[in-house]
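Chemist: Chains as they are written, first to last, in this note's numbering: chain A, 1 to 147; chain B, 148 to 399. All C-beta atoms in this analysis are idealised placements derived from N, C-alpha and C, irrespective of residue type, glycine included.
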Amino acid sequence: MHEWSIAEGIVDVLLEMFKDKKLREVDIKIGELRDLDLDVLRSALNILSESRSLKGLKFNLHVSKARFKCLNCGEEWGLEKALEMVEETIGAESVIIEESGSELPLHFIPSLIIGLQKCPSCGMMDIAIDSGRELEITRVVVEDDRS
Amino acid sequence: MIDPRIEMMKARTSRIENIVLFVSGKGGVGKSLLSSAVSYILSERGYETVYLDLDFHGPSGQNLFHLDKLMEGGKSGLKTALSGKVKVASIGYMVKDNPLPLSGVDRMEVLLDFFSILDFGELDFLIVDLPPGMGEETIFLQRMFREKLSAVVVTLNSQMSLTTVKRVVNYLKVQKIGIIGAVVNMSNLFGKYEPEQVSRELGIEVIGSITYHPEVEQYKTIKDKLEKTPRFMFEIERLVEKMLGKLSRRLT
């Protein structure tokens, strides 16, 4: 439930970087591992941008699927397999940290998942996160002000 | 590509007065013990303090502080855990005893996420327990928060320790990070030099000497270690006095 603070960060950085520009569209890439509620994030972005001189700005949210790769044997896998291993490693009960329901610590710090799984094929812990932890503004469309 | 976490981090740390790093060039010199003890005493004296364990490969915060309240997620981000009056943040609470083999890029990612999502609130002191050396954690902190940083250098009074610690001192000086002083830990076990010589060797003032008290080992939490070993408590109290004196002089 920290979608609001993320939205605030996004609006802050846009205002900081594009002070005198009129913005039309912003693309944001969000890793699946962050498990953000996109509806909440979108409303937070809309409300904050309306109230902070970014009226009419359109936010396009893109989710990037989690992909892991074993650097020892080359095996690749996705979120479902990873979460199974996380539960086995630290136990289902210890991943509940949010009052409002079940939340993985990964929701806040996705890279920690590296320490909570092993390669499903060779069993080694030499794992790279290829994608799935992004929180990036990938494109900003500036209104053409030559009118 | 624009990373919004930098702005999030600025907002979250804007109400922190002092960030004090516990550094050394060597492992096993007592950074965790001393930084947690200092955090405990500062909190007892009424200073709003967070003990932040940034030793991702060997976090010990989760063992040193008995928790009354776990780290918890909420609307304003990830709240620090609470142990008596001390606020505590350690990834040890999240990964338990599992190893966390992080490469350089992954470590930077963890740091960016940790600092952009931790709800520090208004703080007098953020005490940072760093891993040995000058890795990503130290580089990250001096890049992001240089003007708020100061450092306590922990060393043993042995040639091997002093030689590597000197390297860290030089780095801190080059990066213009204020050095509060050096603390000689386990001063009764190693005695290469007199305190003045240690000072001269490192080129900074020695602000504390902490004796190795075997009985400290019997207790698990820093609270028990301090309260049940009055001589250890006395030495840490004296160190905190020195630190506060130095910081107020530096800040005025």
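How about the segment 237-244 of chain B and the segment 166-186 of chain B: do they share at least three Cβ pairs that are nearer than 8 Å?
Modeler: Verdict: no, contact absent.
Chemist: Classify A:E143 as helix, strand or coil using the three-state DSSP reduction.
Modeler: Here the question's residue 143 of chain A lines up with position 143 in the first sequence. Looking at A:E143 - three-state DSSP - the assignment turns out to be coil, as it is neither helix nor strand.
Chemist: Can you check whether the CB of B:N245 is closer than 8 Å to the CB of A:T89?
Modeler: Residue mapping note: residue 89 of chain A aligns to position 89 of the first sequence, counting from 1. Residue mapping note: residue 245 of chain B aligns to position 98 of the second sequence, counting from 1. In contact: A:T89 and B:N245 (Cβ atoms closer than 8 Å).
Chemist: Bridge partners of B:F261, per DSSP?
Modeler: In the second sequence, the residue the question calls residue 261 of chain B occupies position 114. DSSP output for B:F261 lists no bridge partner at all.
Chemist: Examine chain B for any beta-carbon lying closer than 8 Å to the beta-carbon of A:L79, and answer yes or no.
Modeler: For the purposes of this step, residue 79 of chain A is taken as residue 79 along the first sequence, with counting starting at 1. No - not a single Cβ of chain B is within 8 Å of the one on A:L79.
Chemist: Along the segment 193-210 of chain B, where does the CB come closer than 7 Å to a CB of chain A? Name the residues.
Modeler: Within the segment 193-210 of chain B, no residue qualifies.
Chemist: Please list the partners that A:S43 has in chain B, where partner means a Cβ-to-Cβ separation under 7 Å.
Modeler: As a working note, residue 43 of chain A is residue 43 in the first sequence. Correct list: empty, because the minimum Cβ distance to chain B is about 14 Å.
Chemist: I'd like to know if the segment 116-136 of chain A and the segment 274-290 of chain B are in contact, where contact means that at least 3 CB-CB pairs between them fall below 8 Å.
Modeler: Judged by Cβ distances under 8 Å, the segment 116-136 of chain A makes no contact with the segment 274-290 of chain B, as fewer than three pairs qualify.
Chemist: By the three-class DSSP mapping on this structure, what secondary structure does A:R133 have?
Modeler: Start at 1 with the first residue of the first sequence, and residue 133 of chain A comes out as number 133. Coil.
Chemist: So the candidates are B:V345, B:L259 and B:I324; which of them puts its Cα closest to the Cα of B:V312?
Modeler: Residue mapping note: residue 312 of chain B aligns to position 165 of the second sequence, counting from 1. The shortest C-alpha separation from B:V312 is found at B:V345.
Chemist: Does the segment 38-45 of chain A come close enough to the segment 284-302 of chain B to have 3 or more Cβ pairs within less than 8 Å?
Modeler: Contact fails: fewer than three Cβ-Cβ distances are below 8 Å.
Chemist: Please compile the residues from chain A whose C-beta is within a distance smaller than 7 Å of the C-beta of B:F379.
Modeler: Your numbering for residue 379 of chain B matches position 232 in the second sequence. Simply none; closest approach about 32 Å.
Chemist: Given that B:S263 touches chain A, what residues does it touch there, using C-beta distances under 9 Å?
Modeler: As a first step, residue 263 of chain B must be located in the second sequence, where it is residue number 116. Result: S5, I6, G9 and L135.
Chemist: Spatial neighbours of A:C70 within its chain, please: C-beta separation below 7 Å, excluding the five flanking residues on both sides.
Modeler: As a first step, residue 70 of chain A is located in the first sequence; it is residue number 70 there, counting from the start. The answer, listed in chain order, is C119, S121, C122, M124, D126 and I127.
Chemist: Say whether chain B places a C-beta atom closer than 8 Å to the C-beta of A:I47.
Modeler: Translated into the one-based positions of the first sequence, residue 47 of chain A becomes position 47. No, because no Cβ of chain B sits closer than 8 Å to the Cβ of A:I47.
Chemist: Less than 6 Å between C-beta atoms, sequence neighbours within five positions excluded: which residues of the same chain meet that for A:V63?
Modeler: For the purposes of this step, residue 63 of chain A is taken as residue 63 along the first sequence, with counting starting at 1. Excluding sequence neighbours, A:V63 sits near I30 and E32.
Chemist: Using a Cβ-Cβ cut-off of 8 Å (strictly less than) and excluding sequence neighbours within five positions of A:S5, which residues of its own chain qualify?
Modeler: Walking along the first sequence from the start, residue 5 of chain A turns up at place 5. Contacts found: none.
Chemist: Please determine whether the Cβ atom of B:L189 lies at a distance below 7 Å from any heavy atom of the ligand FMN.
Modeler: Questions concerning the ligand FMN fall outside what the structure shown contains, since it holds no ligand whatsoever.
Chemist: Spell out whether any CB of chain B is found under 8 Å from the CB atom of A:S51.
Modeler: Counting from 1 along the first sequence, the entry for residue 51 of chain A is found at position 51. Not one chain B Cβ lies under 8 Å of A:S51.
Chemist: Which residue from B:G350, B:T196, B:D260 and B:I369 puts its Cα closest to that of B:L316?
Modeler: Sequence index remark: in the second sequence, residue 316 of chain B carries index 169 (1-based). Reading off the sequence, residue 316 of chain B comes out as Val, not Leu. Comparing Cα positions, the closest option is B:G350.
Chemist: What number of angstroms, rounded off, separates the C-alpha of A:A66 from the C-alpha of B:K320?
Modeler: Residue 66 of chain A sits at position 66 when you count from the first residue of the first sequence. Residue 320 of chain B sits at position 173 when you count from the first residue of the second sequence. Taking the straight line joining both Cα atoms gives about 42 Å.
Chemist: Quick one: give me the first and last residue of the beta strand (DSSP E) that B:I326 is part of.
Modeler: Taking the second sequence and counting its residues from 1, the one referred to as residue 326 of chain B is at position 179. G325 to N332 is the span of the beta strand (DSSP E), which, as asked, contains B:I326.
Chemist: Could you check what DSSP says for A:G31 in three-state terms: helix, strand or coil?
Modeler: Here residue 31 of chain A refers to the residue found at position 31 of the first sequence. Strand.
Chemist: Rounded to the nearest angstrom, how far is the Cβ of A:L14 from that of A:L48, given a contact under 8 Å?
Modeler: Taking the first sequence and counting its residues from 1, one reaches residue 14 of chain A at position 14. Taking the first sequence and counting its residues from 1, one reaches residue 48 of chain A at position 48. About 10 Å separates the two Cβ atoms, so there is no contact after all.
Chemist: Kindly indicate which three-state DSSP category B:M185 falls into: helix, strand or coil?
Modeler: Taking the second sequence and counting its residues from 1, one reaches residue 185 of chain B at position 38. Before going further, note that residue 185 of chain B is Val rather than Met in the sequence given. Residue state, collapsed to three classes: helix.
Chemist: Looking at chain A, which residues of the segment 148-179 of chain B have a Cβ within less than 9 Å of any of its Cβ atoms?
Modeler: Correct list: M148, I149, D150, P151, R152, I153, E154, M155, M156, K157, A158 and R159.
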